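Here the structure comes first, spelled out in structure tokens, and everything after it is commentary.
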Amino acid sequence: MSRIQAGVLQLELADVDLPGLAGRLVEGFKLQSAQHTFELDFPADFPPALADQERLRQVLNNLISNAIKYAPDGGVIRIGGWLDAARQLLTVYVADQGIGIPSQEQEHLFQRFYRVDSSLRRKTQGAGLGLFLCKAIIEAHNGRIWVRSEPGKGSTFFFTLPLGAV
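In my numbering, the protein residues as written are 1474 to 1639.
This is how it looks when you write it as structure tokens:
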């Protein structure tokens, strides 16, 4: 976090196989969460991202972990993506069938130390840094991160990465 605040987040860029990275993470999460079903939804020709694999692992790990945490009754967690060739962007998403996030809370989610005020939040651990760090990592890659959510219907977190050099 101190490197992010100082504006010196170093990225080690290489070709990253995002479907493969997501698949490896899902295998680990399957061992931790028997009540969730995980689905990967990437096209077969999903191109590699020129990115920092460890940093993207952190982002996906946080988003999947949150999906599990805020869908305590189980359900499907889908991780997927697509290529927008016209805009030269990769989009990746993590979707859950959890409690959802009220619209008035969504604009604050990526702020440091922010946590949605809910009874489930009070039962779950966290410092409100995960999504702040995800945003910093994605923005360091010249990407963007956002959420679509509806209370009682779940949340989908999206992020984009540009094709080519960061």
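Beta carbons are placed, not taken as given, at the ideal position from N, Cα and C, and that holds for glycine.
As the structure is a computational prediction, the values presented were derived from the model and not from experiment.
Top-ranked residue by Cα proximity to residue i, from the options
i	options	result
Pro1492	Pro1545, Ala1507, Val1567 and Val1549	Val1567
Asp1525	Ile1572, Phe1631, Gly1616 and Gly1554	Gly1616
Leu1533	Asp1518, Gly1554, Pro1520 and Ala1544	Gly1554
Gln1508	Leu1536, Ile1550, Leu1486 and Leu1484	Ile1550
Leu1634	Asp1557, Glu1527, Lys1626 and Leu1482	Asp1557
Pro1516	Ile1618, Cys1607, Asp1490 and Asp1546	Asp1490
Val1499	Ile1618, Ile1552 and Ser1622	Ile1552
Same chain, Cβ closer than 7 Å to residue i, neighbours up to 5 away in sequence not counted
i	result
Gly1496	Leu1513
Ala1559	none
Pro1575	Pro1624
Phe1502	Phe1511, Ile1537 and Ile1541
Thr1564	Gly1554, Trp1555, Asp1557, Phe1631 and Thr1633
Ser1506	Ile1541
Beta-ladder partner(s) of residue i, from DSSP
i	result
Ser1628	Ser1622
Arg1617	Thr1633
Glu1512	Arg1551
Leu1491	Leu1491 pairs with nothing; no bridge assigned.
Val1567	Ile1552 and Phe1630
Asp1525	Leu1486
Classification of residue i by the beta-carbon crowding that lies within 10 angstroms, buried from 16 upward
i	result
Lys1542	buried
Ala1613	buried
Ala1544	buried
Leu1494	buried
Ala1487	exposed
Cutoff 6 Å; reference residue i; Cβ partners in own chain excluding five residues on either side
i	result
Leu1636	Gln1561
Gly1548	Gln1570
Glu1485	Asp1525
Arg1641	Missing from the structure shown is residue 1641; the chain here goes from 1474 to 1639 and no further.
8 Å CB neighbourhood of residue i in its chain, flanking five on each side removed
i	result
Val1620	Ile1574, Gln1579, Leu1582, Ser1628, Thr1629, Phe1630 and Phe1631
Lys1626	Gln1570 and Gly1573
Gln1531	Leu1606, Cys1607 and Ile1610
CB contact check: residue i to chain B, cutoff 8 Å
i	result
Leu1533	Chain labels in this structure do not include chain B; a single protein chain is all it has.
### Query
Mind pulling the beta strand (DSSP E) runs of 3 or more residues that sit fully within the stretch 1529-1562?
The qualifying runs are 1548-1557.
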